[in-house]
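K.L.:
Sequential numbering from 117 applies to the sequence shown in our numbering. Positions of the beta carbon are idealized from the N, C-alpha and C atoms, including for glycine.
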Amino acid sequence: MKYQISSVLLALALLFAACNPWDDHTALSDKNMAKNMVELIADQEDLSTFAAMLQQYGYDQTLADMSSCTVFAPVNAAWEGIDLNDSVLVKGILGSMITDLKIRSNDATFNGKILAINGKAVGFDADEKTFEGIQIVTADLAAANGLLHKVEAVSKRKDNLWEALDKLTQYKQVRYLLSMNTQVIDLDKSVPSGLDENGKITYDPIVMKDYNAFLEKYPLNNEREVFSYFIVEDAAYDRMLSKYAPCFRMETKTADAWAFDAALTDSIAAFNLCGDYVLPFLLEEDSLAKSQFTNFDGIKIPFSQANVKEVIDCSNGYIYILSDCNISLKSKIRPIRIEGENYNGCMNPFNLATRYKSWASGGYDVMLYGKSKFENFPTQQFTGTSSSATNLFNGTNYYIEYLAQVNSVDYAIYYVAHDDYEGHDGLALEQKLFISMPNRAKLNKKNATDSVANNYLGNARCFVGSSWAASPNPERVRLTQWDLDASAPTQYLLDKGEVKTPEAKVMTVPTMGELTMWLCNTTRYNNEDAGFMFLDYIELEPIIVND
């Protein structure tokens, strides 16, 4: 009985050993591993057309020289209808179906986009066993220098988003983008040879390269990233430009002064509009029902499937031709917050303290060391953490300078300036804000006792923030215009000087550019003991009426 059982077990063992498919697979792989990729492809009867194309167009040598590769090879039937003598077409196919990566068909770490050897981004999905949406029919044939997968169709070379624009010049939006194409010196390839008479570097040889400023911010030609790009039809494009242009008014300097430049304004508006239609992701099928997306710069972009006229599949994303895409200016022109501690300069840094405050917007505010005298109160020194009298400022119009890049729109000005000293309960904190506009003479003081010059409202008016000291919570205050005593260099606030018209709460910016603001301390009648200053942040809030 024991002998019989042993005989049965031996027979079963021999049977399984003879039928083990993994041993067959291993033997086959070992046999193939002795061949390079070109030799392995040549051995496949159903890849004879692919092998011939590799040889005809020189890709056989490319594959032989590669230390690592994966080839997605179309079977013979896949080439039906392809003009094999069209060198541009066939080279595009071959270059798009070879990668220098080693990718097994079940390796999900490569899901998404991979780079082919021609620099094109191509799609791979290990879960679906597809390449560019094409089914893999035979997988993971191993050669000495890579892996071979057979696929049931050819994958033609796709343009990337930027290349695709060359075929869409019927649209004004595209013509504007391509109008920025130029050539610049390629500093990596050009060789410096000396200096010219003006001290500039000369090059010999000079190597030029293509350049477009739009691609510096929105790299639609980058095959390593994916985008969705909206192109709107001309009527919608013209309407959006007319909407954007007033917010991007530009000036150029003539011999005498700055003057409005309509062409530059239109160009800047168009650059912004074209950039706003760049989305840094692919629109998935289940997301197309959404009514808006967030673009490259965080702006809300409306979307409706009903407006989609055409979808163009590119190697690094999709182009959507839309009948309309009406971006809200309230989303485009956003509030500007300048933290108090991020000042550009001040009258004297020894008088200014940056304080850590947990309630503050950025975790800090700034405070001027100063002296103040209140009615029925003795003179008080407010020194923050400093006990040195040399750090005290004893006068008016101490300034803290802030800069902001603004659009040519109306703004409401807000700030948080929190006097948190308990002993100041019931006292008013009043601070002046002088402003000089973009492309205009900047705010200036010739010396410490002079008035502030070049304020856009003149010497006799400025914006003022007024709040109560020692309030339990920081208060966001809207600044409004006040009349000043222009006869005094200290520009005191006039009693009952608040300008009580709707326009007095609005700052109108005539041109896009850099705005300069000086936050200054003040008194009503005396240059001495003008007091301290506080600032958490200034916020410029756009006033958009026609949207």
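Please list the segments of the beta strand (DSSP E) lying wholly inside the stretch 161 to 240, counting only runs of 3 or more residues, in order along the chain.
P.N.:
Listed in chain order, the complete beta strand (DSSP E) runs (minimum 3 residues) inside the stretch 161 to 240 are 185 to 190, 228 to 231.
K.L.:
Look at the alpha carbon of Thr-470 and the alpha carbon of Asp-382, and state the distance between them as a whole number of angstroms.
P.N.:
Their backbone Cα atoms lie some 42 Å apart in a straight line.
K.L.:
Nearest-angstrom Cα distance between Thr-285 and Leu-293?
P.N.:
For Thr-285 and Leu-293, the distance between alpha carbons rounds to 10 Å.
K.L.:
Give the DSSP bridge partners of Asn-637, in chain order.
P.N.:
Answer is Gln-547.
K.L.:
At which residues does the beta strand (DSSP E) containing Glu-426 begin and terminate?
P.N.:
Note, Glu-426: beta strand (DSSP E), 424 to 430.
K.L.:
Do Met-463 and Ile-551 have their beta-carbon atoms positioned less than 7 Å apart in this structure?
P.N.:
Contact flag unset, no.
K.L.:
What's the gap between the Cα of Lys-621 and the Cα of Ile-449?
P.N.:
Going by the C-alpha atoms only, they are around 19 Å apart.
K.L.:
Let me know the secondary structure DSSP gives Ser-271 once reduced to three states.
P.N.:
If DSSP states are grouped into helix, strand and coil, Ser-271 belongs with coil.
K.L.:
Where Met-169 and Lys-151 are concerned, what is the direct C-alpha to C-alpha distance, given to the nearest angstrom?
P.N.:
Going by the C-alpha atoms only, they are around 19 Å apart.
K.L.:
If you compare alpha carbons, which of Met-623, Lys-229, Lys-369 is closest to Leu-549?
P.N.:
Considering only alpha carbons, the answer is Met-623.
K.L.:
Find the nearest neighbour of Glu-339 within the set Thr-606, Leu-631, Leu-231, Ala-260, judged by alpha-carbon distance.
P.N.:
If we check each option's Cα against that of Glu-339, Leu-231 comes out closest.
K.L.:
Taking contact to mean at least 3 C-beta pairs separated by less than 8 Å, is the stretch 588 to 596 in contact with the stretch 325 to 345?
P.N.:
With the cut-off at 8 Å, the stretch 588 to 596 and the stretch 325 to 345 do not touch.
K.L.:
Is it right to say Asp-275 is buried, meaning 16 or more other beta carbons lie within 10 angstroms of its own, or is it exposed?
P.N.:
Buried.
K.L.:
Have a look at the DSSP bridge pairing and note the partners of Ile-654.
P.N.:
According to DSSP, which records beta bridges pairwise, Ile-654 is partnered with Ile-454, Tyr-531.
K.L.:
What residue ranges within the stretch 371 to 397 form continuous beta strand (DSSP E) runs of no fewer than 3 residues, ordered along the chain?
P.N.:
Runs of the beta strand (DSSP E) inside the stretch 371 to 397: 374 to 376.
K.L.:
Label Gln-597 either buried or exposed according to how many other C-beta atoms from any shown protein chain fall within 10 Å of its C-beta, with 16 as the threshold for buried.
P.N.:
Classification of Gln-597: buried, given that the 10 Å Cβ count is 16 or more.
K.L.:
Tell me whether Glu-457 is buried or exposed, calling it buried when 16 or more other Cβ atoms sit within 10 Å of its Cβ.
P.N.:
Buried, since its Cβ has 16 or more Cβ neighbours within 10 Å.
K.L.:
Would you identify the three-state DSSP class for Cys-441, choosing helix, strand or coil?
P.N.:
Cys-441 falls in the coil class under three-state DSSP.
K.L.:
The beta strand (DSSP E) spanning Val-279 covers which residue range?
P.N.:
Contrary to the premise, residue 279 reads as Glu rather than Val in this sequence. Here Glu-279 belongs to no beta strand (DSSP E); instead the alpha helix (DSSP H) covers 277 to 280.
K.L.:
For Gln-289 and Cys-390, I'd like the C-alpha separation in whole angstroms.
P.N.:
Cα-Cα distance, rounded: 7 Å.
K.L.:
Would you mind sorting Tyr-459 into buried or exposed? The rule is 16 or more other CB atoms within 10 Å of its CB.
P.N.:
The residue is buried, with at least 16 neighbouring Cβ atoms inside 10 Å.
K.L.:
List the whole-angstrom C-beta distance separating Leu-573 from Cys-430, where the pair is believed to meet the contact cut-off of C-beta under 8 Å.
P.N.:
At roughly 52 Å, the Cβ-Cβ gap does not stay under 8 Å, so Leu-573 and Cys-430 are not in contact.
K.L.:
Return the CA-CA distance between Leu-519 and Thr-638, expressed in angstroms with no decimal places.
P.N.:
In a straight line, the C-alpha of Leu-519 is about 21 Å away from that of Thr-638.
K.L.:
Report buried or exposed for Ile-654, applying the criterion of at least 16 other Cβ atoms within 10 angstroms of its Cβ.
P.N.:
Buried, because 16 or more other Cβ atoms sit within 10 Å of the Cβ of Ile-654.
K.L.:
Can you tell me which residues form a DSSP beta bridge with Pro-554?
P.N.:
Paired residues: none, contrary to the question.
K.L.:
For Gln-251, count neighbouring C-beta atoms within 10 Å of its own C-beta (all shown protein chains included) and say buried if the count is 16 or more, exposed if not.
P.N.:
Per the 10 Å Cβ criterion, exposed.
K.L.:
Could you tell me the alpha carbon to alpha carbon distance between His-265 and Val-342, rounded to whole angstroms?
P.N.:
Going from the Cα of His-265 to the Cα of Val-342 covers about 25 Å.
K.L.:
Does the count of Cβ pairs from the stretch 155 to 164 and the stretch 222 to 238 closer than 8 Å reach three?
P.N.:
In short, these stretches do not touch, since the Cβ pair count stays below three.
K.L.:
Taking 7 Å as the cut-off, decide whether the C-beta atoms of Ile-415 and Asp-392 are in contact.
P.N.:
Contact: yes.
K.L.:
Buried or exposed, going by whether 16 or more other CB atoms sit within 10 Å of the CB of Leu-163?
P.N.:
Leu-163 is buried by the Cβ-count criterion.
K.L.:
Can you check the stretch 309 to 354 for any beta strand (DSSP E) of at least 3 residues that lies completely inside it and give the ranges in chain order?
P.N.:
Here the runs fully enclosed are 317 to 319, 324 to 327, 343 to 348.
K.L.:
Counting only the same chain and skipping the five closest in sequence on each side, list residues whose C-beta sits under 6 Å from that of Leu-399.
P.N.:
So the list reads Ser-344, once near-sequence residues are dropped.
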